[in-house]
Structure formats: C-alpha cells, structure tokens
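Once you know that position 64 of the sequence shown is 64 in the UniProt record's numbering, the rest is easy, because the numbers rise by one and skip nothing.
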Amino acid sequence: MTSSYAYTIALLLLLAILALAAYVDRIYSEMGKFLAREYQDNIDSWERVVEPRLRLGRESIALSASVLRQLSLAALALLSGLRLYSHTTLVPTLARTPTTGEILRAVFELILLILIFDRLLPQLLFSRTRGLWIRRITPILQALFYLILPVTLLLGLLLSIAALAEPEDTTEEDHPSEAMDALLEAGEEEGILEESDRELVRSAVEFGDKVVLEVMTPRPEIFSVPGTLTLQEFTATINEHAFSRVPVYNGSLDHVTGIAFAHDLLKVLDAEANTLTVAQIQRPAAFVPETKRVAELLREMQREKQHMRIVIDEYGSVAGLVTIEDLLEAIVGNIADEHDEPEADDEPIREPNGAYVVSGSFELSRLRDLFADQFEQPNRNGRPAEDSEPHDPEDEAFESAEAAHWSDSREDSDDAKDIRDLREPRDTRDDPTAVRLPEHYESTTLGGLVSEIAGHIPLPGEVVEEDGLRLEVLASTDRRIDRIRVSLANLPAA
C-alpha cells in the first residue's frame, strides 16, 4: 500500500512538472510571432511579471524549460518501467517478468499520459487562459530551474562548442530582387510581358516582403474625432471630409477607443443626434504592430471582415492606420475614387537643372526612378559593376564595332545606345555622378531620411548630402518636412 501511494505521488508530481515545463516551452516557441489576442496575453503576462522574477536570462530560461521538459519525460518513462518490473516496491527486484499484455498496457498508459500532459493540457492553458495563474507558482518554477541548472549549463556549453565547430557559409547568393529583375527583363525582351505587367508582377512579388510600416497612413495624416463629439457634429464632419470610417479617441490619439462608421448614422433619429455622442455608436477597434507583414495582415482582415486597423509601434503608441485599400494599393498602385482629391503635390516637379521638388512623404523606393540612369546598377550576372571582371580589349573592340554598325544602320543614333545598354549596364565605378540609394537608414520617406541624417527637423534652406544626393529643405514645420529639392551633388544649386 505504501509503495502504491509513493508511486501515485511521484507520478502526479512528474505530470505537474511536465505540464508546467511544456507550457513554458510553448511560450518561448511562440514568442516573437504575431498571435491572436488570447494567445498574446500569455506571452505578455510572462514577459512582464514572471520572467523578471526568475532572475535568469531569456535564453537560459528557454533552455531550462526545454531541459526540464525532457527530463520529466525521461523520469516518467523510468517510473513506468520501475512499476512494471517491481513486485511490491519502487525499487526493481526483477523478481517477476511482466507479460506481453502488461508491457503493452504500460506503453499505452505512458503514451496517453504524454499526450495529455505534454501536448493537450499545455495547449489548453495557452489558448484558454491569460497566463495570470502562473504568477502564483513562480517560486516553484524558479526552484526547479535552479535544481537543473548544472544540466542546463552543461548542455549550453555543448551547444556553444557545436556552434563554433560548424563551418561558416561564405557562399554569396544573388539577391532575390536581382534575380527577379533579370527574369522580368528577359520576359519583356521576349515580348511575354508588357511594361505595365512587369511593374504589376514586381509589386506582387515585393508585397510579401513589405511590412505595415511601409503602407500605412502615418499618424500626422490620420483624421480622427473625439468620443465626446455629438452625432450632429460628427455628421457635419463626415460630410466635409467624406470618410466612411473614422477612428475615435479619448483625450489623445494614443487612446483610440473605437471606429465610427458613417453608415451607422442612418440608424440615428434627428432628435437623438444632439444628445448622442460618437462614443455611443463606435465599434471596437483592432490593432496591429507596424512590423507585421502585409500579406499576413491582408489574410487576417479578409478572414475577420475588417477594413481598418490601428497601427501601433513597439511602445504601444499609435503610429498610423492601415486599410484594405492601403494593402491593395501596395500591389496595383493608387486607387482613386470620386471622393479623392487630386494629389498633384505628391508628384515630383522637375526643374531645368535636373533637380526635382518632391513632398516630404515621397517614398525612398521611388527615388531610384528619378535618377535611374545615375544609380549604380547590377550587371547581368546579378553583381555590382565594381565586382565584375575588367573588359577584355577584344570585347571592347567588338562592342565598339557593333555600336558603330548600329549607328550607321539606324537613322536614330539613340537606338545604338539602347542596344549597348541591353548588352551591358553602364559601369559606374569611376563616374562621379553615380549615386547609391540610401539603404542603411530606417526611414522610408525622403523627409524622414533628411531628419534622420540631420538629427533634427531641418529649417527651410538647410541642405544635407548623402551618397551623392543633395537634399535641400524648402518647407518644414516644427514637426515634419513638407517640401524637398533633391538633386545630384554635382548639379548646380537652383
């Protein structure tokens, strides 16, 4: 009887430890992913409350949870074996040999226990709770982690040695965008793709790599209303600005409480419009981090039938908003409707000296189009011109003769230049006018780039130069840059 009680107590302890370790291991395996709100609550609770109390590094805790889980599984299997081969105590006496039926039953029981306590129960805790319960047993978890600390340290040392022994992969792979450019150019040359189709295919391919930050409407451009606004005032505002959905805030834009729909006003009687407020008809707002990939967000918004989400940054502040229309425009370009006003200010204005005047919100990805012939371009093997091998004199002579042939046989000498450009992109190694698209900055707009380089919001007239570009601020406020003149550094100032 005593051995039966001891076995039961040991089994329950192992199962509890196994479920706890599997739950913690699940948290670290899901950490860093964008999850549904009920799943994210577990991770948030763990990071804010439990993890600091354990007084261990994140990697150490993750490794300890994995080690504890594996040790619990091994101990559970060992306990089942002891019970199977023991006669009256937990110490194996090998006094009897179990039958085949007993072995199969023990294996079935072990598998069933593992499925329940290593898989189903941790998943249930992760999906059905917010992780608040684990705060109460943090000291127990800390004691378990310190108990297996020698094993964890030894395993960590072995993993570090194994990582050092692995040879580094020094092979350079062609950038995916360069390979895509080559395929699209080949398709256009063969007549398979039109120029418009080429841009659409490129946008569709690049769509998968974009994040919400690149397509959202930034915070300064968000139109929102306070929740205390009456419905009569809200109706007048909607008629003036022609928005169908408007974020509603309480106090400041960092406290968005919901989304107000214009068509909900149709349900309100005129007599109630003076007394009801926007906060009383608003619908719940959905939030999304600015680092989420737009392809995943588009699927989520389609599945949940949402048209707008509020974008938040890493600190929880509102960074902007994104709509289904924003996501689609990332593929097919600008979608204008009868309510959209002409956006002439967003189009670059070319000046006589070759410079351009653009808005501060001008995207850096469009900068290459302004000076396409001045940016360094990869050659046909996908590598920069400076990495290519020097031309053979015979090849240069052949190219010169071929260019002369085309020049003589065509009325327009520009055709010969086009043929030479198709054979080999221009070598910009020694060209002082060649510039590179700034890529080592976090900004996505030209105004943001100028502010990032200068370290402040520049005043009108200030000039910064970077990577062969000359950027002159023409108009700015104390919070943003409105107009910029962009030119090559060697061009005369306007």
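All residues carry an ideal CB built from backbone N, CA and C; glycine is no exception.
Proximity below 8 Å, CB of residue i to CB of residue j
i	j	result
T228	T291	no
V311	V294	no
A285	G320	no
V486	L471	yes
L364	S451	no
L367	L446	yes
L253	V151	no
L14	A75	yes
D270	I281	no
V212	V322	yes
E328	L297	Residue 328 is actually Leu in this sequence, not Glu. Against a cut-off of 8 Å, the Cβ pair of L297 and L328 comes out as no contact.
E351	V358	no
L54	I43	no
A262	L231	no
F126	Y23	yes
V50	R135	yes
A106	L78	no
L144	I17	yes
R480	P247	no
L121	V67	no
I148	L71	yes
G468	L488	yes
R58	D25	no
M301	I324	yes
S80	L110	yes
Identity of the residues DSSP links to residue i by a beta bridge
i	result
T277	T230
F243	Answer is none; F243 lacks a bridge partner.
I484	V358, V473
R309	V322
V288	V311
V24	V24 pairs with nothing; no bridge assigned.
V225	V248
DSSP state of residue i mapped onto helix, strand, coil
i	result
D270	coil
E462	coil
L469	strand
F145	helix
A489	coil
E363	strand
W249	A small fix is needed here, since residue 249 is Tyr in this sequence, not Trp. Of the three classes helix, strand and coil, the one that applies to Y249 here is strand, per DSSP.
L94	The predicted position of L94 is uncertain, since its pLDDT is 48 and thus under 50; no value can be drawn from it.
R303	helix
T323	strand
F126	helix
P220	helix
I457	coil
R293	strand
R350	strand
E424	Summary for E424: the model assigns pLDDT 41, below 50, so the residue's position carries little reliability, and this model does not support an answer.
R283	strand
L12	helix
S29	helix
residue 495	The question about residue 495 has no answer here: the residues shown for the chain are numbered 1 through 494.
G131	coil
E329	helix
Y7	helix
R479	coil
S443	coil
Start and end residues, alpha helix (DSSP H) containing residue i
i	result
Y315	That residue, Y315, is in no alpha helix (DSSP H); it is neither H nor E in DSSP.
V215	212-215
V450	446-454
V67	58-85
F108	100-114
P52	51-54
Boundaries (first-last residue) of the beta strand (DSSP E) holding residue i
i	result
D254	252-261
Y356	356-359
Short CB-CB distance (under 8 Å) between residue i and chain D
i	result
I17	This model lacks chain D altogether, as it is built from one protein chain only.
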